[in-house]
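Residue numbers (the working numbering): 1 to 282.
Reviewing the structure listed below.
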Amino acid sequence: MSESRNIFYPQTEITTVLVPVTRGCSFNQCAFCSMYKEETYEEVTLQEIEFELMNGETYTERVFLTGADPLSVGYEKMMRILKLIQKYYPYCGCVAMYAAVRTINNYTVEELKQLHAAGLRLLYIGFESGSDEVLKSIRKGHTVKTAIAVGKKLNEARLPFNAIVMYGIAGEGNSEENAKKTAEMLNQFSASKIITMNLTVFASTELAKMEQEGMFVQASIKEKISEVRILLENLDMKKRTEFDTTHATNIIKLLGTLPDEKEILLEKIKNSTMKKLKDDKK
Ligand code: SF4
1 MSESRNIFYP QTEITTVLVP VTRGCSFNQC AFCSMYKEET YEEVTLQEIE FELMNGETYT
61 ERVFLTGADP LSVGYEKMMR ILKLIQKYYP YCGCVAMYAA VRTINNYTVE ELKQLHAAGL
121 RLLYIGFESG SDEVLKSIRK GHTVKTAIAV GKKLNEARLP FNAIVMYGIA GEGNSEENAK
181 KTAEMLNQFS ASKIITMNLT VFASTELAKM EQEGMFVQAS IKEKISEVRI LLENLDMKKR
241 TEFDTTHATN IIKLLGTLPD EKEILLEKIK NSTMKKLKDD KK
């Protein structure tokens, strides 16, 4: 079996059994992303997946399917993968994976319901921003309208998902508008968790090139922290939703449940901002 040079998974899945489904990224165009730049996209064959499962842990309750967007293999193959997991890991109660808005958009509600019934229990989706202007500039490959439709479709299929958004991505002077538009998008559906990431501009990305050419200017730390605050202030969750800024890239680390802990989280941001700005002056 050929090995992927790059295997990524969310920090919360660090102890989860990993099963490769795709290598590289079938899209590979997002301006901020360097993850699979040098890797050619390919699907892992069913034979390879079965071999991996046969020789893996005999007992696990959770599996994370690796690859940028495993649903890109299509409904039939994904269903066969889930059936193989049921066969080899009968105690597995949760299969999770990364997923892209544009790919989920190709699935019907009924197909998503069937995948859920076969064990798919959590998607990590990079929504990134609720601004069409920003999504276009970072070449994310989906619009806000599609993102909202996908969020609602997943809710209808009762397939839980975490929504990943990125602050700083709109660049200097645009963070407030981006935060408000992102909150407006997130308010249209129910994610289990909202995960924030702080933009990191990696060398070799299109965004690094845009920065060198003066087409993109990074927001200051102060502006980025207020973007998180404005995002939180404008979130109006109808169902219990975790708000999680604990990913390593974040400037301020917070974890709480909305809507109940919104005021507590806002107070923590206020206190951390004062401390951070005071420390930076020293
Ligand atoms: S962010 Fe995801 S979809 Fe975009 S290029 Fe990177 S791996 Fe591919």
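C-beta: ideal position from N, C-alpha, C; glycine also.
is_contact[residue i, chain B] using C-beta, thresh 8 Å
| i | result |
| --- | --- |
| Ala248 | Of the chains in the structure shown, none is chain B; there is only one protein chain. |
Residue j beta carbon less than 8 Å from that of residue i
| i | j | result |
| --- | --- | --- |
| Arg80 | His142 | no |
| Met166 | Met210 | no |
| Ile225 | Thr257 | no |
| Glu227 | Asn271 | no |
| Val19 | Leu71 | no |
| Glu267 | Ile230 | no |
| Cys25 | Asp69 | yes |
| Val44 | Val17 | no |
| Ile194 | Leu154 | no |
| Ala170 | His116 | no |
| Ile252 | Ile269 | yes |
| Ala96 | Glu13 | yes |
| Ser192 | Lys238 | no |
| Ser278 | Asn234 | Going by the sequence as given, residue 278 is Lys instead of Ser. No, the pair does not count as a contact, with Cβ atoms beyond the cut-off. |
Presumed contact (8 Å Cβ cut-off) between residue i and residue j, rounded CB distance
| i | j | result |
| --- | --- | --- |
| Ala99 | Ile138 | With a Cβ gap of about 18 Å, Ala99 and Ile138 do not count as contacting. |
| Leu255 | Thr246 | 5 Å |
| Glu61 | Cys33 | Not a contact, Cβ separation roughly 31 Å. |
| Ala118 | Lys83 | 7 Å |
| Leu123 | Cys94 | Between Cys94 and Leu123 the Cβ distance is about 11 Å, and since that is not below 8 Å, they are no contact. |
| Glu223 | Glu172 | 7 Å |
| Tyr36 | Asn6 | 6 Å |
In DSSP terms, what residue i is bridged to
| i | result |
| --- | --- |
| Ile194 | Ala163, Phe243 |
| Arg62 | Cys94 |
| Thr143 | For Thr143, which the question treats as bridged, DSSP gives no partner whatsoever. |
| Val17 | Val63 |
| Thr22 | Glu43 |
| His124 | According to the sequence shown, residue 124 is Tyr rather than His. DSSP, once it has assigned bridges, lists Tyr98, Asn162 as partnering Tyr124. |
Proximity test, residue i beta-carbon vs the ligand SF4 heavy atom, cut-off 7 Å
| i | result |
| --- | --- |
| Asn28 | yes |
| Met197 | no |
| Tyr215 | According to the sequence displayed, residue 215 carries Met and not Tyr. No - the ligand SF4 has no heavy atom lying nearer than 7 Å to the Cβ of Met215. |
| Gly306 | Shown here, the chain extends from 1 to 282; a query on residue 306 therefore has no answer. |
| Cys92 | no |
| Asp260 | no |
| Gly74 | no |
| Asp69 | yes |
| Gly126 | yes |
| Tyr59 | no |
| Tyr9 | no |
| Tyr36 | yes |
Distance cut-off 7 Å: residue i Cβ against heavy atoms of the ligand GDP
| i | result |
| --- | --- |
| Ala100 | Absent from the structure shown: the ligand GDP. Ligands present: the ligand SF4. |
Exercise. Touching or not, the stretch 55 to 66 and the stretch 228 to 248, by the rule of three or more beta carbon pairs under 8 Å?
Worked result: no
For this session: Would you check if the stretch 183 to 197 and the stretch 206 to 220 touch, i.e. whether three or more CB-CB distances between them fall below 8 Å?
Result: No contact exists between the stretch 206 to 220 and the stretch 183 to 197.
Exercise. Per the contact definition of three or more C-beta pairs closer than 8 Å, is the stretch 128 to 146 in contact with the stretch 80 to 99?
Worked result: With a cut-off of 8 Å, the stretch 128 to 146 and the stretch 80 to 99 do not count as touching, because too few Cβ pairs lie within range.
Problem set entry | Validate contact between the stretch 104 to 112 and the stretch 38 to 53 using beta carbons, cut 8 Å, 3 pairs | no
Exercise. Hey, is the stretch 30 to 42 in contact with the stretch 142 to 156, meaning 3+ C-beta pairs nearer than 8 Å?
Worked result: no
Problem set entry | Meets three-Cβ-pair contact criterion under 8 Å: the stretch 199 to 209 and the stretch 156 to 163 | no
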